[in-house]
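I have placed the structure first, in the form of structure tokens, so that the comments after it can refer back to it.
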RNA sequence: GCGCUCGUAGCUCAAUUGGAUAGAGCAUCUGACUACGAAUCAGAAGGUUUCAGGUUCGACUCCUGACGGGCGCACCA
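Numbering (the working numbering), first residue to last: 30 to 592.
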């Protein structure tokens, strides 16, 4: 199903003989859609915009679904949809599994790299943005018809393993490891690290353990594999709670064997060179990177972050034939991605590489969010607290519900609140993490949207008999028109969110939809109305519920029947 | 020093990517519940879009320069 906006643009382009843009109006007084092509043309031709608009109006063929066109202001052309057209399009949504969202004209194969926690470390709030944002983008891209591969590039290799292995061998507590693996692994690392600070001999031993691991020593390799497996248990618990799945989780270690050959190849082809003992790729022709080479091998022979990332890009393009690779990684790494993307082009690999950056999560003190002792706030704690707080509210508001249902509702609301707090905000701005704000069940929050859905379900529970879609919609009240038009906008909003990777546009739309629905709900009784009016209102309710569930689903947020 | 990024109502954020009178939510104030679920709705008030220039029919948006916050800039990831 093409959107009304697309339909208008094609009709306008026909009349103009050139591509033209149409946008929704900001104000209903100017109709439903507007175009400023007349003003754009006037500028190029140094002509009178209103005159051009007047000529254009004669040629635009939209009488089948628009009221007579109007010229307004400096030269805007306003489009007002015919009521019967709105009614007919809205009705058509009921039979459309995509709810009006068009499929991409050219589906792409997209690899999305996000979350990427580190083995032997707990996931913390720092992982929230990448994890939630990446998952949402994956869901939206799939809904638009793209082929998506989500890949969790886990930090499962690095110098810290020398210390972890030393700790594992000397002061491992198996019971603690069983009870809370990551906690114990962190303890092993920290204790070893503390010993290293005061005792050079132990530091040397840790280094020795690392060298053995890298050389493939069976015992150390076994310990390392264990730490990875134990960490995954914890990660999966988090992803289950968040309802997030990955198609692949090829960690850094997966590329180990590729690093040496890659560097050798780049050296022999002249793309990389040795400088101060290290192997670097210089970008002397790019002003922004002229004095910022990418280091791919240290002077001691070790490889770096950039080396692994280059190997990863090569793998993704060659194995999956990815058209695009999206990295959902914090803004501080912008330079790093600029470098490896430039290096990729230098190598001659073709793909649409995008760094999707985001800002930081701050504590109430407006500094990077930390616990009182200065540590990162654990993701598990955050999610558990969200659930606990939600449960308390559910039990208070709806004590009649069975315990098990209360628990499930609390999970959906609590996790939804955390996700929505993240996604309703522009990703680049830093935001203050506030329980009171995100779990205040008022205003622009997940529960407000979930509640709109619940209310609709409540109507259908009271409905005698099953809902069957009517053959035509009868709309008369302003609140009905407003809701119908809002529903039609879903198909235009979803693709927009991918334009600049802004799920907050979708969140904003859903909030407006819920708002419009609530106004309709107050103004237009559904069950008490009769005949065609009742049928039509039921259809509006059904569609609103579907769009809310689908839209929230794209944000990774679930809905419940009651709350 | 160079680069990236952000600066909008008291607070937290939007603004369809250059469009019409800059919109919401919290908080404040005024109304509406023997209820299709008040976790709601109707309304009021709240602004020199950090500042100064510039570009044009038109600027929160683009350009230049300040100011303020955050973050990067060769062997960590």
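Beta carbons are placed, not taken as given, at the ideal position from N, Cα and C, and that holds for glycine.
Proximity winner among the options, relative to residue i (alpha-carbon distances)
| i | options | result |
| --- | --- | --- |
| residue 260 | 151, 424, 513 | 151 |
| residue 144 | 271, 135, 501 | 271 |
| residue 489 | 237, 535, 557, 235 | 557 |
| residue 450 | 533, 514, 139 | 533 |
| residue 305 | 285, 287, 284, 328 | 328 |
| residue 102 | 96, 111, 82, 91 | 82 |
| residue 320 | 330, 326, 309 | 309 |
| residue 163 | 494, 371, 140, 487 | 140 |
| residue 491 | 155, 397, 590, 578 | 590 |
| residue 448 | 188, 128, 268, 121 | 268 |
| residue 378 | 363, 367, 342 | 342 |
| residue 279 | 149, 500, 30, 183 | 183 |
| residue 275 | 264, 284, 283 | 264 |
| residue 31 | 494, 564, 347, 523 | 523 |
| residue 506 | 466, 549, 477, 496 | 549 |
| residue 23 | 285, 478, 530, 391 | In this structure the chain extends from 30 to 592, so residue 23 is not present and cannot be described. |
| residue 468 | 423, 500, 497, 430 | 423 |
| residue 198 | 157, 186, 167, 256 | 256 |
| residue 51 | 35, 344, 44, 58 | 35 |
Residue range of the alpha helix (DSSP H) that includes residue i
| i | result |
| --- | --- |
| residue 186 | Neither: residue 186 is in no alpha helix (DSSP H) and is coded neither H nor E. |
| residue 382 | Here residue 382 belongs to no alpha helix (DSSP H); instead the beta strand (DSSP E) covers 381-385. |
| residue 519 | 519-528 |
| residue 482 | 475-491 |
| residue 561 | 560-583 |
Run of the beta strand (DSSP E) containing residue i, from where it starts to where it stops
| i | result |
| --- | --- |
| residue 303 | 302-304 |
| residue 324 | 323-326 |
| residue 56 | Residue 56 -> no beta strand (DSSP E), and no H or E assigned at all. |
| residue 64 | 62-64 |
| residue 140 | 138-142 |
| residue 310 | 307-310 |
| residue 107 | 105-108 |
Straight-line gap, residue i to residue j (C-alpha atoms, nearest Å)
| i | j | result |
| --- | --- | --- |
| residue 323 | residue 178 | 27 Å |
| residue 567 | residue 573 | 10 Å |
| residue 460 | residue 386 | 14 Å |
| residue 417 | residue 299 | 58 Å |
| residue 409 | residue 117 | 48 Å |
| residue 142 | residue 356 | 5 Å |
| residue 561 | residue 509 | 13 Å |
| residue 46 | residue 38 | 11 Å |
| residue 137 | residue 395 | 40 Å |
| residue 147 | residue 124 | 45 Å |
| residue 480 | residue 95 | 35 Å |
| residue 411 | residue 202 | 26 Å |
| residue 227 | residue 210 | 26 Å |
| residue 252 | residue 383 | 36 Å |
| residue 281 | residue 332 | 11 Å |
| residue 78 | residue 570 | 43 Å |
| residue 415 | residue 154 | 13 Å |
| residue 80 | residue 74 | 12 Å |
| residue 120 | residue 520 | 14 Å |
| residue 250 | residue 393 | 43 Å |
| residue 361 | residue 380 | 23 Å |
| residue 592 | residue 135 | 41 Å |
| residue 92 | residue 347 | 51 Å |
| residue 354 | residue 565 | 44 Å |
| residue 400 | residue 223 | 21 Å |
Beta-carbon contacts of residue i that lie in its chain and below 6 Å, excluding the five residues immediately before and after
| i | result |
| --- | --- |
| residue 540 | 473 |
| residue 160 | 144 |
| residue 277 | 180 |
| residue 587 | 441 |
| residue 585 | 164, 165, 448 |
Beta-carbon contacts of residue i that lie in its chain and below 7 Å, excluding the five residues immediately before and after
| i | result |
| --- | --- |
| residue 132 | 173, 174 |
| residue 546 | 481, 512, 573 |
| residue 235 | 191, 192, 195, 221, 225 |
| residue 241 | 249 |
Own chain residues within Cβ distance below 8 Å of residue i, not counting five before or after
| i | result |
| --- | --- |
| residue 212 | 151, 205 |
| residue 115 | 504, 510, 513, 514, 517 |
| residue 76 | 70 |
| residue 349 | 138, 140, 178 |
**Q.** the segment 215-223 / the segment 187-204 touching (three or more Cβ pairs under 8 Å)
**A.** yes
**Q.** Meets three-Cβ-pair contact criterion under 8 Å: the segment 54-67 and the segment 91-106
**A.** yes
Q: Determine, using beta-carbon pairs with one atom in the segment 333-347 and one in the segment 311-319, whether at least three such pairs fall under 8 Å.
A: no
Q) Would you call the segment 70-81 and the segment 543-556 in contact, with 3 or more CB pairs under 8 Å? A) no
Q) Within the chosen definition, does the segment 500-516 reach the segment 475-490 through at least 3 CB pairs nearer than 8 Å? A) no
Q. Does the count of Cβ pairs from the segment 426-439 and the segment 282-296 closer than 8 Å reach three?
A. no
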